[in-house]
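Numbering (our numbering), first residue to last: 3 to 388. Worksheet: the structure to be examined is printed underneath.
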């Protein structure tokens, strides 16, 4: 058994014991399983891709396999885990100073602290350069003002990566005005709203963040001044690639649910699994799932080699989110009335999966990225500068 297989097995057992028994009630009540969340990190699963010096084992592929197991059990829990370790933690790993890493990564790694990443604003999220939140220089400090919304973990976060734009910047391009800051709960002028009520992901708290003259020292700047909008592209690549783990896990679970139910359900004297129209639904999802297995393996190989995955990550995000929504829809159809009932988890999966066509960059944004990268590749093949 490989180290990745062992990690996956340990995560499976942990979730079966700690989360699965109460997951339906937690979703019904809209409760964030904070104790399980912290235990998951304390056990070494939540930030396992971190280098050893920061509490992980450096195994990115093992982390993706663990994400698949989270996806099978509860997408909300998986989202909050990734918001803390990938969206907050990985940004600090990629762009933080040694001092920032020492200060923030240990708490994220062991689950004593919860992180979030704040980009989206009431005016929109797809256009990062259009960020309205500002930072203004004042000697060795910056003063931050603005608001964020739809931020995963905001209501429970201890640490925040806050995206702003430099006020009164003389930069020629809006891309050169981005500034990211590491903020902490309790800072004067920094407040969060109540958890927002959502269609799905009931176990993952989502909320608003408000900044009113939040004064921070320049040592809290994450990365170089003016680089944040450019730096976040690399961060988002890994976030989207991480979804490959969650997506593959939940789609596999949906196929299992369809087959198991169809084998047991009798109509006109025989299991509905024997009817071709039911087989067609299973075949459709299964065939696309097998194709995505091959493609996600390609992405995993590139990740393990440290290669750029901007296009590949966007393809994974686009196709897996679509397939996940389609698989949930077909599972409900196979289960019929039972699929529509809350006691069967497919209706929850259906509600949860829709977010992945919106969050982390909409499907339309993924298409733009794919088109841009493809055009650049083909122009460069012809020896013309893109």
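All C-beta atoms, glycine included, are put in the ideal place defined by N, C-alpha and C.
For residue 211, the uninterrupted beta strand (DSSP E) run begins and ends at 208 to 219, by DSSP. Residue range 143 to 154 is occupied by the beta strand (DSSP E) that includes residue 149.
The way I'd put it, the segment 123 to 137 doesn't touch the segment 84 to 99; fewer than three beta-carbon pairs between them come closer than 8 Å. Per DSSP, residue 184 is not a residue of any alpha helix (DSSP H); the beta strand (DSSP E) it occupies stretches across 180 to 186.
In the structure shown, residue 272 falls within a strand segment according to DSSP collapsed to helix, strand and coil.
Pairing residue 216 with residue 189 gives a Cβ-Cβ distance under 7 Å.
Ranking 191, 183, 237, 203 by CA distance to the CA of residue 223 puts 183 first. In this chain, residue 375 is not harboured by any beta strand (DSSP E); it is covered by the alpha helix (DSSP H) spanning 365 to 383. Residue 119 and residue 230 have their C-alpha atoms spaced approximately 12 Å apart.
Taking each of 218, 130, 289 in turn and checking the Cα distance to residue 177, the smallest one comes out for 130. Of the candidates 27, 26, 193, 66, 66 places its Cα closest to the Cα of residue 11. Its chain contains 6, 302, 305, 306 as the residues whose beta carbon lies nearer than 8 Å to that of residue 63, once the 5 sequence neighbours on both sides are disregarded; these appear in chain order.
Under the three-state reduction of DSSP, residue 129 is assigned to coil, being neither helix nor strand. Excluding the 5 residues flanking it on each side, residue 186 has same chain C-beta neighbours closer than 7 Å at 160, 161, in chain order.
By alpha-carbon distance to residue 114, the top candidate from 48, 166, 252 is 48. Only exposed fits residue 27, as fewer than 16 other CB atoms lie within 10 angstroms of its CB. With 16 or more other Cβ atoms from the protein chains shown falling within 10 Å of its own Cβ, residue 213 counts as buried. For residue 85, there is no enclosing beta strand (DSSP E), as DSSP gives it neither H nor E. In this structure, 337 is the residue among 337, 256, 54 with its C-alpha nearest to the C-alpha of residue 273. The segment 72 to 88 makes no contact with the segment 133 to 151; the number of CB pairs closer than 8 Å stays below 3. For residue 55, the three-state secondary structure derived from DSSP is helix. Judged by beta-carbon spacing, residue 264 lies within the 7 Å limit of residue 280, meaning their Cβ atoms are closer than that value. The continuous alpha helix (DSSP H) containing residue 38 extends over residues 36 to 44.
Its chain contains 17, 21, 22, 25 as the residues whose beta carbon lies nearer than 7 Å to that of residue 75, once the 5 sequence neighbours on both sides are disregarded; these appear in chain order. Contact annotation, residue 203 with residue 77: C-beta distance approximately 6 Å; criterion of less than 8 Å satisfied. Selection 374, 364, 348 evaluated against residue 257 yields 348 as nearest (Cα-Cα). CA-to-CA, the gap between residue 79 and residue 384 works out to about 46 Å.
The Cβ atoms of residue 73 and residue 251 lie closer than 7 Å to each other.
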